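Oh and the sequence shown: position 45 is 44 in numbering that gives the first Met the number 0, straight run, nothing missing.
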Amino acid sequence: MRVERVFRLLGLVLGLIAGVYYASFILTETHIQGYTLRAIVLLLTALAGALFGFFGLPYVTTKPFFWLENKLNVTPLPDLVAATVGLLVGLLLAALVGLFLAKLPWYLGFVISLIVALVFAYWGVTLGLNRRHEMMALVLGPARAGGLIEGRTQDSGVLLDTSVIIDGRIMDIAQTGFLRERMLVPHFVLAELQYIADSSDALRRNRGRRGLEVLNTLQKEPLVNIEFIDDDVPELNEVDMKLIKLAKKRGLAIMTNDYNLNRVAQLEGVRILNLNNLANALKPVVIPGEEMNVQVIKEGKEQNQGVAYLDDGTMIVVENGRRYINQTIGVVVNSQADFPPPLAGEGQGGGDISVVAMPVADTCKEVADGLVIRTVPRDSLVIAVGPWSFSREALARALATVAGRESQVDSLVALCEISGVRVRVIRRP
0 MRVERVFRLL
10 GLVLGLIAGV
20 YYASFILTET
30 HIQGYTLRAI
40 VLLLTALAGA
50 LFGFFGLPYV
60 TTKPFFWLEN
70 KLNVTPLPDL
80 VAATVGLLVG
90 LLLAALVGLF
100 LAKLPWYLGF
110 VISLIVALVF
120 AYWGVTLGLN
130 RRHEMMALVL
140 GPARAGGLIE
150 GRTQDSGVLL
160 DTSVIIDGRI
170 MDIAQTGFLR
180 ERMLVPHFVL
190 AELQYIADSS
200 DALRRNRGRR
210 GLEVLNTLQK
220 EPLVNIEFID
230 DDVPELNEVD
240 MKLIKLAKKR
250 GLAIMTNDYN
260 LNRVAQLEGV
270 RILNLNNLAN
280 ALKPVVIPGE
290 EMNVQVIKEG
300 KEQNQGVAYL
310 DDGTMIVVEN
320 GRRYINQTIG
330 VVVNSQADFP
340 PPLAGEGQGG
350 GDISVVAMPV
360 ADTCKEVADG
370 LVIRTVPRDS
380 LVIAVGPWSF
390 SREALARALA
400 TVAGRESQVD
410 SLVALCEISG
420 VRVRVIRRP
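Okay, structure coming up:
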């Protein structure tokens, strides 16, 4: 940067001059004898001053200036006004307190006045930011203040969740230029990614490292506006709840693939951007009667069925396609099923609560005392993702059944299991 280069050269000159003056001071006070030794002291001191000025001056001039300029550019105007008003009020109160400290000895009065000024300034800025809505309402009126704050938050950016970073599709979308919103990554999300990347489990470790690589790539993309923010919610420990609280506080949206975070955030009134919903919306429309060529990959769940996939990952069930496995054949579309099915029908047909489940891909073993007893058949096992729908009556009945034992239950599905409420499994491929 041109300005920083100028300041570095200026620091080099000033540091060199300061080093020479300091060397003359050392030589005068120590009475060093010998031309060679005096020249070495002068040379080393001047060199140290020049290096310190060249590398150190930007850290007290240009870097703080550009950091402050960047903060001012990204901070919304209502926040700037509220912080400035709070700062002025805090300094005014500190000055009034300083009048009572004038009779103290000057050194004691100065130190106490400085501490009071710093404390009151901090309190003023904090109070101004926390009460900016009320301040704007007093000056502009509730309607205009609400409109100004709402307009400010709509374009302020979107928070990235850990799941959407690890997923990686956000990188492809951002590179196309369609995503113009500022993407914000809180440091507690970055810390969770680092924790996953350091996991002893190989799968989790690879997922965490992939997430870090995605962020590194996004930082280098010219079309991507990504920023790492220091905002935190220290009173909460769970990352998902931190994200929701931060999104509500700053009026931000959350981009996630996490089903549970999606549902909880919607209940909290936080806007959600779900990449899975975007992918479903971009799937090509297939019309019954349309012909296409597909490669049958594997057999289906029903007798003689085959399974194929389109280029976008859409699964196709081929009737009587089992005998064509590993072959490319022509098929005609008979019907189309949307997944997941509507909520209205999820809880019907044999269950008071519906749980979304996926098949188990890994080999499962039953273990006792550190020894493998047997291999558990995977056909009877599923991975429960979370409750999809439930009736209020069923939930109330389950809670009444296990009253006083809620601490033994770690999920809604487990609650229904031990209380005898029927749980219907909705399988996903």
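Note that CB positions come from ideal geometry on N, CA and C, so glycine has one too.
Remember, it's a predicted structure, so these values are computed and weren't measured experimentally.
- Message: Since Arg209 and Ile165 should fall inside the 8 Å C-beta cutoff, what is the C-beta to C-beta distance between them, to a whole number of angstroms?
- Response: 6 Å
- Which two residues bound the contiguous beta strand (DSSP E) that contains Arg373? Leu370 to Val375
- Can you tell me whether Pro341 is buried or exposed, with buried defined as 16 or more other CB within 10 angstroms of its CB? Caution is warranted here: a pLDDT of 35 is assigned to Pro341, below 50, making its placement in the model unreliable, and no coordinate value can be reported.
- Determine the DSSP secondary structure at Ile31, reduced to helix, strand or coil. coil
- Residue burial classification, Pro221 (beta-carbon count within 10 angstroms, cutoff 16): exposed
- Alpha carbon to alpha carbon, how far is Val19 from Phe64? 29 Å
- Range of the contiguous beta strand (DSSP E) that encloses Leu272: Ile271 to Asn273
- Message: If you measure between the beta carbons of Ile225 and Leu235, is that distance less than 9 Å?
- Response: no
- Task: Specify the secondary structure class of Asn236 as computed by DSSP and reduced to three states.
- Result: coil
- For Gln153, I'd like the list of residues in its chain whose CB is within less than 8 Å of its CB, leaving aside the five on either flank, ordered along the chain. With a pLDDT of 46 at Gln153, under the threshold of 50, the modelled position of that residue is not reliable, and no figure is offered here.
- So, is Lys300 buried or exposed, given that buried needs 16 or more other C-beta atoms within 10 angstroms? exposed
- Would you mind working out which of Gln193, Val317 and Lys62 sits nearest Met291, comparing C-alpha positions? Val317
- Item | Cβ neighbours of Ala101 in the same chain (closer than 8 Å, five flanking residues each side left out) | Gly108
- Query: Hey, would you say Leu192 sits closer than 9 Å to Leu211, going by beta carbons?
  - Reply: yes
- Can you tell me the Cβ-Cβ gap for Gly127 and Ala82, rounded? I've got them flagged as a contact below 8 Å. 5 Å
- Is it right to say Gly10 is buried, meaning 16 or more other beta carbons lie within 10 angstroms of its own, or is it exposed? buried
- Quick one: what does DSSP say Pro104 is sitting in, helix, strand or coil? coil
- Query: Measuring CA to CA, which of Leu41, Leu87 and Ile271 is closest to Leu117?
  - Reply: Leu87
- Task: Give the straight-line distance between the Cα atoms of Phe119 and Leu79, rounded to the nearest whole angstrom.
- Result: 18 Å
- Per DSSP, what kind of secondary structure is Gln294 in: helix, strand or coil? strand
- What three-state label does DSSP hand Asp154 in the structure shown? Confidence is the limiting factor: at Asp154 the pLDDT is only 46, short of 50, which leaves the residue's position unreliable and the question unanswerable from this model.
- Who are the near neighbours of Val213 in its chain, counting only those whose CB is closer than 8 Å to its CB and skipping five residues on each side? Ile164, Ile165, Gly167, Ile169 and Met170
- Looking only at C-alpha atoms, which of Phe51, Val40 and Gln304 sits nearest to Leu8? Phe51
- Query: Can you tell me the Cα-Cα spacing of Glu289 and Val332, whole angstroms?
  - Reply: 5 Å
- Three-state secondary structure assigned by DSSP to Gly305: strand
- Message: Measuring straight from C-alpha to C-alpha, what distance separates Phe6 and Leu42?
- Response: 23 Å
- Query: Does the beta-carbon of Pro57 have 16 or more other beta-carbons within 10 angstroms, so that it is buried, or is it exposed?
  - Reply: buried
- Message: Within 10 Å of its beta-carbon, does Gln347 have 16 or more other beta-carbons around it, so buried, or fewer, so exposed?
- Response: Residue confidence is low: Gln347 scores 35 on pLDDT, short of 50, so the model does not pin down where it sits. Its coordinate-derived value is still stated next. Label assigned to Gln347: exposed.
- Message: Suppose only complete runs of 4+ residues qualify. What are the alpha helix (DSSP H) ranges in the stretch 180-228, listed by chain order?
- Response: 186-196 and 201-219
- Task: Could you round the C-beta distance between Val430 and Thr327 to whole angstroms and report it? I think they count as a contact, below 8 Å.
- Result: Because the chain here runs from 0 to 428, residue 430 falls outside it and cannot be looked at.
- Rounded separation between Phe99 and Leu113 - CA only: 14 Å
- Name the DSSP beta bridge partners of Glu289, please? Paired residues: none, contrary to the question.
- Would DSSP call Val284 helix, strand or coil? coil
- Message: Taking its Cβ as the centre, do 16 or more other Cβ atoms sit within 10 Å of Arg373, making it buried, or is it exposed?
- Response: exposed
- Item | C-alpha gap between Gly207 and Tyr194, whole angstroms | 8 Å
- Query: Near Asn129, which residues of its chain fall below 8 Å by C-beta distance, leaving aside the five closest residues on each side in sequence?
  - Reply: none
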